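From first to last, the protein sequence lines are chains A and B.
Sequential numbering of the first sequence, starting at 1, is according to our numbering.
Sequential numbering of the second sequence, starting at 1001, is according to our numbering.
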Amino acid sequence: MNTDELIIAMGADAEASRAQPEGRRWTLSLVLGAVVSLALLLATLKARADLSRVMGTPTFIFKYVAMLALAIPAAWLAYALSRPGARPGKSWAMLALAPALVVAAVAIELRLTPMSTWLTHAIGTYPGYCVLCVPLMSLAPFVGIFYALSRGAPTRPRLAGLIAGLAAGGIGGAVYATHCVDDSALFLVTWYTIAIGLVGAVGAALGPRLLRW
Amino acid sequence: MATRDETLTAMMRAAVSGDAEAYRELLRALTMHLRPLARAACARVGLPQGDVEDMVQDVLLAIHLKRHTWDPSTSLGPWLRAIVRHKVIDGFRRRGRREEVPIDDFLDILPAEQAEPSPSREALERYTGALAGKQRDVVRSIGMNGESIAQTAARMGMSEGAVRVALHRGLSTLARLHRSADA
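Structural data, given as structure tokens:
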């Protein structure tokens, strides 16, 4: 088939099939990934037993705030990276939000708690569990975001994979926070960071392989 | 006077709102720009001229299959350049070349040959030939025999929906075959 004939066929295809808007695909993928992950957590690990007691406490709420402060800008950036020629520009600065919030929370905690408790709080009750389960809870969001990315056209697949991994890690972290009994900011800055960093690294490694087009 | 970018943007806007003829006209205009670009690029890195049309089709398929990633409220130029750059570099990499090719101004350079005929189909047959059953028949029926979706459906005893699906999958498969060919 020569190029003219290919163009005839592409014209017929364009007329026959309209793609659904990209925004909707991304929203669906993100929501579905988060819902599946939360359902998985509630079915297996379950919410922490003292949920109703801690629900309104600042340290409990802060974990969600920090995770979503990472997940939302990262997902937005991944969306931008899936569109050739789009310049995320200022959106990059949004990635600093979550680290800034966590550093501030750590500073507050260090002021309010005696030094003798710092190490205990940083190690927490279940550090290994956190590093294992946050990536597991990130799996469904990871698949969703990579699906949306692969339908797009990322011209920098490694970077797009990394950012997608961070977004999935943020969602997975928020989901896991429902189970996690360690509320210290020192715990968060240590173990959640390691766990989300792992998911980001996997994303960066898989990006060039899965996001070819 | 409208710039080249504005003209192409207007054509693409018409195309995404369902105007197949505007879309074909746009793709033909782009081909006139892509061919000299691919020819210069292949010459530059020492690839045979036989790869030129292959690269052109590869880029056209990417533009087609990823057209939903273009935001119609923006101009087409930056999107197009990013796609072309990505596919040209990708095509080089598959052929073991790692050079950079300047493509920023490819839309500004007026094509020298206005109505260059498309090269013969034999050289390109290996891709369509590798398509499976229905996809191949449908892509050929519409592309090579100029039949409409309705005519193809009637002749092949398929529903129009099935023809649409086979056509779209056929084009996606073609893009994948380009991608996995080690040329």
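Every residue, glycine too, gets a C-beta built ideally from N, C-alpha and C.
Every value quoted in this text rests on a predicted model; they were computed, and no experiment measured them.
Just mark residue i as buried or exposed, buried being the case when its beta carbon has 16 or more other beta carbons within 10 Å.
| i | result |
| --- | --- |
| Phe-2/A | The residue you asked about is not Phe; residue 2/A is Asn in the sequence shown. The residue in question, Asn-2/A, is buried, as its Cβ has 16 or more Cβ neighbours within 10 Å. |
| Ala-266/A | The structure shown does not extend to residue 266/A, since chain A spans only 1 to 213, so no value can be given for it. |
| Ala-107/A | exposed |
| Glu-5/A | buried |
| Arg-161/A | Note on residue identity: the sequence assigns Gly, not Arg, to residue 161/A. So Gly-161/A ends up on the buried side. |
| Thr-155/A | buried |
| Thr-1009/B | buried |
| Met-51/A | The sequence shown places Leu at residue 51/A, not Met. Under this definition Leu-51/A is an exposed residue. |
| Gln-1135/B | buried |
| Glu-1125/B | exposed |
| Lys-90/A | exposed |
| Ser-1017/B | exposed |
| Gly-33/A | buried |
| Ala-1015/B | buried |
| Arg-1035/B | buried |
| Ser-219/A | With chain A covering 1 to 213 only, the question about residue 219/A has no answer from this structure. |
| Glu-1147/B | buried |
| Leu-119/A | exposed |
| Asp-1105/B | exposed |
| Gly-172/A | buried |
| Ala-86/A | buried |
Specify, as a first and last residue, the run of the alpha helix (DSSP H) that residue i falls within.
| i | result |
| --- | --- |
| Arg-1136/B | 1133-1143 |
| Pro-21/A | Pro-21/A -> no alpha helix (DSSP H), and no H or E assigned at all. |
| Glu-1053/B | 1050-1065 |
| Thr-117/A | It is not in any alpha helix (DSSP H) - Thr-117/A carries neither H nor E in the DSSP assignment. |
| Ile-7/A | 3-16 |
| Lys-1087/B | 1076-1094 |
| Gly-85/A | Note, Gly-85/A: premise wrong, no alpha helix (DSSP H); not H, not E. |
| Tyr-176/A | 157-176 |
| Leu-139/A | 127-151 |
Have a look at residue i and residue j and give me their C-alpha separation to the nearest angstrom.
| i | j | result |
| --- | --- | --- |
| Gly-207/A | Gly-152/A | 13 Å |
| Thr-113/A | Thr-193/A | 22 Å |
| Met-137/A | Leu-40/A | 8 Å |
| His-1086/B | Tyr-126/A | 45 Å |
| Ala-1183/B | Glu-1053/B | Residue confidence for Ala-1183/B is low, a pLDDT of 48 falling below 50, so the modelled location carries little weight; the figure read from the coordinates is stated next. Each residue's alpha carbon lies about 13 Å from the other. |
| Ile-123/A | Leu-110/A | 15 Å |
| Arg-1179/B | Arg-53/A | 56 Å |
| Gly-170/A | Gly-11/A | 41 Å |
| Ile-1142/B | Tyr-129/A | 57 Å |
| Met-55/A | Trp-213/A | 45 Å |
| Phe-60/A | Arg-1067/B | 44 Å |
| Ile-145/A | Ser-37/A | 13 Å |
| Leu-198/A | Ala-1029/B | 46 Å |
| Leu-1151/B | Asp-1137/B | The sequence as given places Gln at residue 1151/B; Leu does not occur at that position. One C-alpha to the other measures close to 13 Å. |
| Glu-22/A | Ala-78/A | 12 Å |
| Gln-20/A | Leu-70/A | 27 Å |
| Arg-1181/B | Ser-150/A | In the sequence as displayed, the identity of residue 1181/B is Ala instead of Arg. Taking the straight line joining both Cα atoms gives about 20 Å. |
| Val-1084/B | Glu-1006/B | 18 Å |
Do residue i and residue j have their C-beta atoms closer together than 8 Å?
| i | j | result |
| --- | --- | --- |
| Ala-80/A | Pro-88/A | yes |
| Ala-14/A | Leu-1167/B | no |
| Ala-1175/B | Leu-1047/B | no |
| Pro-218/A | Leu-211/A | The structure shown does not extend to residue 218/A, since chain A spans only 1 to 213, so no value can be given for it. |
| Val-35/A | Ala-66/A | no |
| Ala-164/A | Gly-203/A | yes |
| Ala-75/A | Ala-167/A | yes |
| Trp-1070/B | Leu-1076/B | yes |
| Arg-1004/B | Leu-1131/B | no |
| Met-1011/B | Glu-1021/B | no |
| Ala-16/A | Arg-1164/B | yes |
| Phe-62/A | Ala-105/A | yes |
| Ala-140/A | Arg-25/A | no |
| Leu-1027/B | Ile-196/A | no |
| Val-1101/B | Arg-1044/B | yes |
| Arg-1013/B | Pro-1072/B | yes |
| Tyr-1127/B | Leu-1177/B | yes |
| Cys-133/A | Tyr-64/A | no |
For chain C, check one thing: does any of its Cβ atoms lie closer than 8 Å to the Cβ of residue i?
| i | result |
| --- | --- |
| Gly-1146/B | Absent from the structure: chain C. Protein chains present are A and B. |
Report whether the distance from the Cβ of residue i to the nearest heavy atom of the ligand ADP is below 7 Å.
| i | result |
| --- | --- |
| Gly-173/A | This structure lacks the ligand ADP, and indeed carries no ligand of any kind. |
Counting Cβ pairs closer than 8 Å, one from the region 167-180 of chain A and one from the region 1090-1108 of chain B, do we hit at least three?
no
Does the count of Cβ pairs from the region 1040-1057 of chain B and the region 183-190 of chain A closer than 8 Å reach three?
no
For the region 1040-1049 of chain B against the region 38-53 of chain A, do three or more pairs of beta-carbon atoms, one drawn from each stretch, fall closer than 8 Å, so that the two count as touching?
no
Does the contact criterion of 3 or more C-beta pairs under 8 Å hold for the region 1073-1081 of chain B versus the region 22-29 of chain A?
Contact between the region 1073-1081 of chain B and the region 22-29 of chain A is absent, because fewer than three Cβ pairs lie under 8 Å.
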